[in-house]
Every structure is written in structure tokens, then in C-alpha cells.
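What follows is one structure encoded as C-alpha cells, with my remarks underneath.
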Amino acid sequence: MDMMKIKSGNASSKIVGLICTLFLVSGCVTQQYVTTGDNEVTERVINTREAAMARLKLALEYLRNNKTAQAKLNLDRAAAINPNIDGVQSSYAYYFQTVGEVDKADQAYREALDAFPDNSNTRNNYGAFLCDLARYEQAEKQFVIAIESNATAQMANSYENAGLCALRDQNWARAQKHLSAVLKYESLRVRSLLGLAKAEIELGNFNQAQQQLRSYRGIYAQTPQSLWLSVQLEHKKNNSAMAKKLGSILIRNYPESKEAKTYLNKGLL
783 MDMMKIKSGN
793 ASSKIVGLIC
803 TLFLVSGCVT
813 QQYVTTGDNE
823 VTERVINTRE
833 AAMARLKLAL
843 EYLRNNKTAQ
853 AKLNLDRAAA
863 INPNIDGVQS
873 SYAYYFQTVG
883 EVDKADQAYR
893 EALDAFPDNS
903 NTRNNYGAFL
913 CDLARYEQAE
923 KQFVIAIESN
933 ATAQMANSYE
943 NAGLCALRDQ
953 NWARAQKHLS
963 AVLKYESLRV
973 RSLLGLAKAE
983 IELGNFNQAQ
993 QQLRSYRGIY
1003 AQTPQSLWLS
1013 VQLEHKKNNS
1023 AMAKKLGSIL
1033 IRNYPESKEA
1043 KTYLNKGLL
């Protein structure tokens, strides 16, 4: 059975807020004493938080450009400057995730959350990481903690991550619950509208699925994904003629899409 998927190849698309949530902690300012050319000793104040943040930002930029060696160098320098700020371990987790060191990434995420358990961005990222590994129940736990600790501004992100992960697990009832919650906060989220439509189709709630697809079409242009969901809906409703008509449109308008190929190769599953 076809299902909506979360792209997992590009870790950076899911890693959010690694830098923007850094905050001031104790021990961030140090003094160094240097000798000038006239042999006078002067004091130089260094804000280690800002220096470490600058290195973290560089590291993340290098990771986005697949320059992992330079990224690691800047991560190590950030940790040497100030290992205690929120962002160091979560950035290491992103690095290890990017280079495929799954166990080290997992350890770094857990260390980051041990030190800063209220960072919902890190919880969301860890949940997405676990979901990519098909560790769905562990991922759900992280998303739920993030939801319970989130400010309203971040609530939709946590619910959406949880809902999309539930879709991957084909846990349709859980997906319905989380994605319905997303739309209470932000009613125009594309992935949540389509994801909820998918969950409703699989649960046999055809009127609700139709409503989600109608809401989507009222705002956004047709896509292979939205059209494929419409095909599946009509098929589930035993409306074969309409399903075939929509399938023909899918093949004609989006012949290279994975949805069209699924329709051609596997039929309506």
C-alpha cells in the first residue's frame, strides 16, 4: 500500500534551531592577559559564548555544503572554546548523523538532551532521527515530550513531526490525531493537509479525507501527491471510473513522478 513518506536523505532539512536557541550560560566570559610591544600587560575580555556560536554556525554551514572535514574542525573548536552552551552536542549529533555514524549521533543527541532537556528543537530533531531508523515508538516519545514542553509557536512543528512519523509507521490513528492538532494551530500546512487526508483514507473516513483534499485544492496547486491521494480515495470509495480518470490525468501531467510510476507499475493497492 502506498503511503506518504518523509524524506530522510538530507538531514539538514530536519535539523532546525540548532543555533537560534543558544542562550547565555555561566562561564561565558573569560579574561586573558597579553603583553604588548611595550611590555605592558593588558586585559582582553573574550565572550566564549559568542566565539563558540560563531564556530557552530560555520560548522553547520560546512555541513550544508557537504564539507564534513571543515565542519568537524569547527565543531571541535567550538567545544574547546565553550563546551557548556546549548548547541554543541546537538551540532555534533547533526554531524554524526550526516556522516552516517548512527551510534555516535544517538549518543550525542542523548547527551544534548541530558544537559538541556527543555530544548524542544533538539527533541524534534532526535525524534526525526529515530523515525528515520524506524524506531517509531522511541520517536513518538520524543515528539510527545516536545509537544508537552513547547511554546505555542513551536507546537505545530512538534505535532507535524509526530504525525508524519506515524504515517511512515502506518499508524493511521496516531497520524490522524497529531495532524489534526497541527491544523488547529496552522491550517495551511501542506504536509499536514495531505498527510491527514492519507490517514483519513486509510481509516475509511472518506468524507473527512475529501474535506482535507478540498481544503488543499482551495489554496495550493495540484501536485502528483495530491492527485494520487484523490485516486486512492476514489478507489477506496469503489468509484472505479473516477479513479481511472484521475489516474489518467496523473500519468499525462506527471509521467515521471513516483506517484505515476506507482500507479502504472503496481496499480491501486
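Read in order, the letters of the sequence shown correspond to residues 783 to 1051 in my numbering.
Virtual Cβ for every residue (Gly too), placed ideally from N, Cα, C.
- Remark: C-beta atoms of Arg-831 and Asn-856 do not approach each other more closely than 8 Å.
- In its chain, beyond the 5 residues on either side, Tyr-844 have a beta carbon closer than 6 Å to the beta carbon of Gln-852.
- Scanning the segment 860 to 915 from its first residue to its last, the whole alpha helix (DSSP H) runs of 4-plus residues come out as 870 to 880, 884 to 897, 902 to 914.
- Cβ neighbours of Leu-1015 within its own chain (closer than 8 Å, five residues either side excluded): Ala-979, Ile-983, Phe-988, Ala-991, Gln-992, Leu-995.
- If you draw a straight line from the Cα of Ile-1033 to the Cα of Val-1013, it comes to about 11 Å.
- Judged by DSSP secondary structure, Gln-920 falls within the alpha helix (DSSP H) whose first and last residues are 918 to 931.
- For Arg-956, the closest alpha carbon among the candidates Phe-925, Glu-968, Val-972 is that of Phe-925.
- Distances from the CA of Tyr-918 to each of Ala-948, Glu-942, Lys-1018, Lys-886 were compared; the closest alpha carbon is that of Ala-948.
- A distance below 8 Å between beta-carbons, with the five flanking residues on each side excluded, links Leu-1028 to the following residues of its chain, in chain order: Leu-1009, Ser-1012, Val-1013, Glu-1016.
- Scanning its chain for C-beta atoms nearer than 6 Å, with the 5 sequence neighbours on each side dropped, one finds around Tyr-967 the residues Met-937, Ala-938, in chain order.
- Only residues of its own chain outside the window of five on either side were considered, and among them Val-972, Leu-975, Leu-976, Ala-979, Ser-1008 have a CB closer than 8 Å to the CB of Tyr-998, listed in chain order.
- For Asn-847, the closest of Arg-859, Tyr-877, Gly-869, Gln-871 by C-alpha to C-alpha distance is Tyr-877.
- Counting C-beta atoms within 10 angstroms of its own C-beta, Leu-915 has fewer than 16 neighbours from the protein chains shown and is therefore classed as exposed.
- In terms of CA proximity to Arg-905, Gln-871 leads the group Ile-1001, Met-1024, Gln-871, Ala-833.
- In the structure shown, Asp-858 adopts helical secondary structure according to DSSP, grouped into three states.
- The alpha helix (DSSP H) runs lying completely inside the segment 922 to 998 and spanning 4 residues or more are 934 to 950, 954 to 967, 972 to 985, given in chain order.
- Less than 8 Å separates the beta-carbon of Ala-860 from that of Ala-834.
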